[in-house]
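Trainee:
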Amino acid sequence: MEEDDQEVAVESASVHVESGSHPMRLLYVPSTSGEGTAVFATNLRVGPDKAEAFCKRYSRRWQIESEYKSIKGDFLAKTSSKDYRVRLFYFVFAVLLYNIWRLTDFLLKADTDGEMDYAPVITAGECVELVASALIPHD
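With positions in the sequence shown counted from 1, the corresponding number in the working numbering is that position plus 863.
(1) Are the beta-carbon atoms of Thr873 and Leu890 separated by less than 9 Å?
(2) So does the region 950 to 964 actually touch the region 907 to 916, counting three or more Cβ pairs closer than 8 Å?
(3) DSSP on Arg888, reduced to helix/strand/coil?
(4) Roughly how many whole angstroms lie between the Cα atoms of Trp964 and Asn906?
(5) Considering only residues of the same chain and omitting the five flanking positions on each side of Gly936, which have a CB-CB separation below 6 Å?
(6) For Asp980, which of Leu970, Asp1002 and Ser943 has the nearest alpha-carbon?
(7) Following the continuous beta strand (DSSP E) through Thr900, name the residue where it begins and the one where it ends.
(8) Give me, in chain order, the residues of the same chain whose beta-carbon lies closer than 6 Å to that of Pro893; leave out the 5 immediate sequence neighbours on both sides.
(9) Label Phe938 either buried or exposed according to how many other C-beta atoms from any shown protein chain fall within 10 Å of its C-beta, with 16 as the threshold for buried.
(10) Please classify Ala995: does DSSP put it in a helix, a strand, or coil?
(11) Take Trp925 as the anchor and find which of Thr942, Lys941, Phe903 and Asp946 has the nearest alpha-carbon.
(12) Any idea what DSSP makes of Asp868, helix, strand or coil?
If you want it as structure tokens, here you go:
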């Protein structure tokens, strides 16, 4: 790619798993930081002319994926129940806790005239500890 002075390239490849071989494409596009190249893998047919737009569209999911990871890692209680109603309740409760955290963080930033960037003032772990301490009955 660098040798040809191309900014975007697509390479066909295949991935081999127990169930067989599957075609894929490796998309090489300029990094959003301006330095180097970002590489994306997909099973969709994407040509060089559409690769950059495809990657920009896909990058919009990163925040969603990060938020889902936070919900699963910081707020979702562990359960061994196979009952979907219990599992759904746990997930919905985790999303509620996540939303409480984000709202609390937003209000803290607004109250302190803080910059409204993505970095939290209060971490997810601190929020969980505060909620848990409020739920524990005092003697």
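In this text, a Cβ means the ideal position worked out from N, Cα and C, and glycines have one as well.
Mentor: Looking at the atomic coordinates:
(1) Counted from its first residue, the sequence shown places residue 873 at position 10. Counted from its first residue, the sequence shown places residue 890 at position 27. Strictly speaking, residue 873 in this sequence is Val, with Thr absent from that position. Cβ atoms of Val873 and Leu890: closer than 9 Å.
(2) no
(3) The residue you call residue 888 lines up with position 25 of the sequence shown. Three-state DSSP puts Arg888 in a strand.
(4) Numbered from its first residue, the sequence shown carries residue 964 at position 101. Numbered from its first residue, the sequence shown carries residue 906 at position 43. Whole-angstrom Cα-Cα distance: 36 Å.
(5) Looking up residue 936 in the sequence shown gives position 73. Result list for Gly936: empty, nothing under 6 Å.
(6) Locating residue 980 in the sequence shown gives position 117, where the first residue counts as 1. The shortest Cα separation from Asp980 among Leu970, Asp1002 and Ser943 belongs to Leu970.
(7) The residue given as residue 900 occupies position 37 in the sequence shown. Bounds of the beta strand (DSSP E) holding Thr900 are Thr900 to Thr905.
(8) Here residue 893 corresponds to residue number 30 of the sequence shown, with the count starting at 1. Glu870.
(9) Counting from one through the sequence shown, the residue named residue 938 turns up at place 75. The residue in question, Phe938, is buried, as its Cβ has 16 or more Cβ neighbours within 10 Å.
(10) To locate residue 995, count along the sequence shown from 1; it is residue 132. Of the three classes helix, strand and coil, the one that applies to Ala995 here is helix, per DSSP.
(11) Walking along the sequence shown from the start, residue 925 turns up at place 62. Here the closest residue by C-alpha is Phe903.
(12) What you label residue 868 is simply residue 5 of the sequence shown in a count that begins at 1. Low confidence applies here, because Asp868 scores a pLDDT of 48, under 50, leaving its location unreliable and the question unanswered by this model.
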